[in-house]
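Chains as they are written, first to last, in our numbering: chain Z, 2 to 112; chain R, 1284 to 1397.
#1: In chain R, which residues lie less than 8 Å from residue 39(Z) when you measure between Cβ atoms?
#2: Have a look at the DSSP bridge pairing and note the partners of residue 33(Z).
#3: If you measure from the beta carbon of residue 99(Z) to each beta carbon in chain R, is any gap under 8 Å?
#4: Please list the residues of the stretch 1324 to 1340 of chain R that have a C-beta atom closer than 7 Å to any C-beta atom in chain Z, keeping them in chain order.
#5: Taking 8 Å as the CB-CB cut-off, is residue 1381(R) touching chain Z?
#6: In terms of residues, what are the limits of the beta strand (DSSP E) holding residue 1358(R)?
#7: Under the DSSP definition of a beta bridge, which residues are partnered with residue 1333(R)?
#8: Comparing the C-beta of residue 1373(R) with each C-beta of chain Z, is any distance below 8 Å?
#9: Is there a Cβ from chain R that is less than 8 Å from the Cβ of residue 85(Z)?
#10: Any idea which residues DSSP pairs residue 1321(R) with across the strands?
#11: Using the C-alpha atoms, what's the distance from residue 97(Z) back to residue 1350(R)?
#12: Closest by CA to residue 20(Z), which one among 67(Z), 112(Z), 63(Z), 103(Z)?
#13: Can you find a C-beta in chain R that's less than 8 Å from the C-beta of residue 26(Z)?
#14: For residue 104(Z), go through chain R and note every residue whose CB falls closer than 8 Å to its CB, in chain order.
#15: Is residue 4(Z) buried or exposed, if buried means 16 or more other CB atoms sit within 10 Å of its CB?
#16: Is residue 1299(R) close to chain Z, meaning its C-beta is less than 8 Å from at least one C-beta of that chain?
#17: For a contact meaning CB atoms closer than 7 Å, what does residue 1385(R) contact in chain Z?
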């Protein structure tokens, strides 16, 4: 079952903060975050594991609330290079490596 | 160190023709994934191999699609016969069996069926 991402799109100025949410109707054991720039392949950002700590990647961090079955990606002091589409992926019941991706959040950072 | 290699990068074909997409995973990775990406349906997992064995092909749209992984360094995705609705970007990704679940995506093959 596909996780639900919100918002679908966000536009912000360089230096501003943004939050992208990912929620699931089923129990989650991990959440994976990827970023895809236009015309390129998705790139892995981080994985949040059940019972694990909040992760960080440069000024991008994420949290994972197992009880609420959701994860949030925090982009602090956005840079132009942060523009792209952000996907969360949740594992299928059969394998932790087999992911179902959300529909994505398109982030545009303007100068 | 080379990443995931896909060929061709672009393919334009006519409806009814056979299309074969190729993928070379990162050396040492034992999991391989084929994805399809469209505006309407997003990023969909088609099939997942582990140690060259297909684990889950429930995402394969229909019998026109088939995938093989004859060895650890090569996989193909075949569409026969192709239809216009198959037009999409097809990604191959690989990952290792370690604690990291990171998937490394190839550059993709943009398929256009006219």
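C-beta: ideal position from N, C-alpha, C; glycine also.
Model, not experiment: these values are computed from the prediction.
The structure says:
#1: To locate residue 39(Z), count along the first chain from 1; it is residue 38. Residues of chain R passing the Cβ test: none, with the nearest at roughly 12 Å.
#2: Within the first chain, residue 33(Z) is the residue found at index 32, counting from 1. Answer by DSSP bridge pairing, in chain order: 48(Z), 90(Z).
#3: Counting from one through the first chain, the residue named residue 99(Z) turns up at place 98. Yes, its Cβ sits closer than 8 Å to a Cβ of chain R.
#4: Under the 7 Å Cβ criterion, the stretch 1324 to 1340 of chain R contributes 1325, 1326, 1328, 1331, 1338, 1339.
#5: The residue you call residue 1381(R) lines up with position 98 of the second chain. Not closer than 8 Å to any Cβ of chain Z, the Cβ of residue 1381(R) fails to qualify, so no.
#6: Here residue 1358(R) corresponds to residue number 75 of the second chain, with the count starting at 1. That run of the beta strand (DSSP E) goes 1357 to 1362.
#7: Counted from its first residue, the second chain places residue 1333(R) at position 50. According to DSSP, which records beta bridges pairwise, residue 1333(R) is partnered with 1314(R), 1336(R).
#8: The residue given as residue 1373(R) occupies position 90 in the second chain. Cβ-Cβ to chain Z under 8 Å: no for residue 1373(R).
#9: Stepping through the first chain from its first residue, residue 85(Z) is reached at position 84. Under the Cβ distance rule, residue 85(Z) does not count among the residues neighbouring chain R, no pair being separated by less than 8 Å.
#10: For this step, residue 1321(R) is matched to residue 38 along the second chain. DSSP output for residue 1321(R) lists 1325(R) as bridge partner(s).
#11: Within the second chain, residue 1350(R) is the residue found at index 67, counting from 1. Within the first chain, residue 97(Z) is the residue found at index 96, counting from 1. The alpha-carbon atoms of residue 1350(R) and residue 97(Z) are separated by roughly 21 Å.
#12: On the first chain, residue 20(Z) is found 19 positions in, with the first residue counted as 1. By alpha-carbon distance to residue 20(Z), the top candidate from 67(Z), 112(Z), 63(Z), 103(Z) is 63(Z).
#13: Taking the first residue of the first chain as 1, we reach residue 26(Z) at position 25. It does not: the Cβ of residue 26(Z) has no partner Cβ on chain R nearer than 8 Å.
#14: As a working note, residue 104(Z) is residue 103 in the first chain. Correct list: 1325.
#15: For the purposes of this step, residue 4(Z) is taken as the residue at position 3 of the first chain. Classification for residue 4(Z): buried.
#16: The sequence position of residue 1299(R) within the second chain is 16, counting from 1. Not closer than 8 Å to any Cβ of chain Z, the Cβ of residue 1299(R) fails to qualify, so no.
#17: Against the second chain, residue 1385(R) aligns to sequence position 102. The answer, in chain order, is 45.
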